[in-house]
Amino acid sequence: MKEAAELFKLLSVDKRIEIVELLKNEPMSVNALAEALKITQSAVSQHLRVLKSAGLVTDERRGYWIFYSLNRDILEKCRQRLNRICTCGCLGQQTITVKNSRAKKG
12 MKEAAELFKL
22 LSVDKRIEIV
32 ELLKNEPMSV
42 NALAEALKIT
52 QSAVSQHLRV
62 LKSAGLVTDE
72 RRGYWIFYSL
82 NRDILEKCRQ
92 RLNRICTCGC
102 LGQQTITVKN
112 SRAKKG
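The opening position of the sequence shown corresponds to residue 12 in the numbering used here, with each subsequent residue numbered one higher.
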């Protein structure tokens, strides 16, 4: 319980959520994240340090650059925890509404 509370607490910062959303697509460097978020590299590094300490983000050195990616296992545990307390019935799934279009026959 305490672990989940700490995880949700660190995700209460908008920029950290934005970082998680960006990293869902592909691993990124600090420079690329800073450019996408329009904040300094130093600020990105601070957020990544917090996310990494919680296990949400991992890093991999590729030559000179370090690329950060999501630890999807931890993110999945976070989603499962939310599902246990969520009462909307969505089970963490995105719902897609498809309109039924009927062609007129004439």
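Heads up, the beta-carbon is just placed ideally off N, CA and C, and yes, glycines get one too.
Alpha-carbon to alpha-carbon, residue j and residue i
i: Glu-71; j: Glu-17; result: 25 Å
i: Leu-22; j: Trp-76; result: 25 Å
i: Leu-59; j: Cys-99; result: 31 Å
i: Ala-65; j: Ser-40; result: 19 Å
i: Glu-5; j: Ala-45; result: Because the chain spans 12 through 117 in this model, residue 5 falls outside it and cannot be assessed.
i: Asn-82; j: Ile-50; result: 23 Å
i: Gln-91; j: Asn-42; result: 32 Å
i: Pro-38; j: Lys-88; result: 20 Å
Opening and closing residue of the beta strand (DSSP E) in which residue i lies
i: Ser-56; result: Premise fails: Ser-56 lies in the alpha helix (DSSP H), 52 to 64, not in any beta strand (DSSP E).
i: Val-68; result: 68 to 73
As assigned by DSSP and simplified to three states, the class of residue i
i: Glu-37; result: coil
i: Leu-44; result: helix
i: Leu-81; result: strand
i: Val-5; result: An answer regarding residue 5 cannot be provided, because it is not within the stretch 12 to 117 covered by the chain.
Beta-carbon proximity of residue i to residue j, cut-off 8 Å
i: Val-55; j: Arg-27; result: no
i: Leu-67; j: Leu-93; result: no
i: Leu-33; j: Ala-47; result: yes
i: Thr-69; j: Ser-80; result: yes
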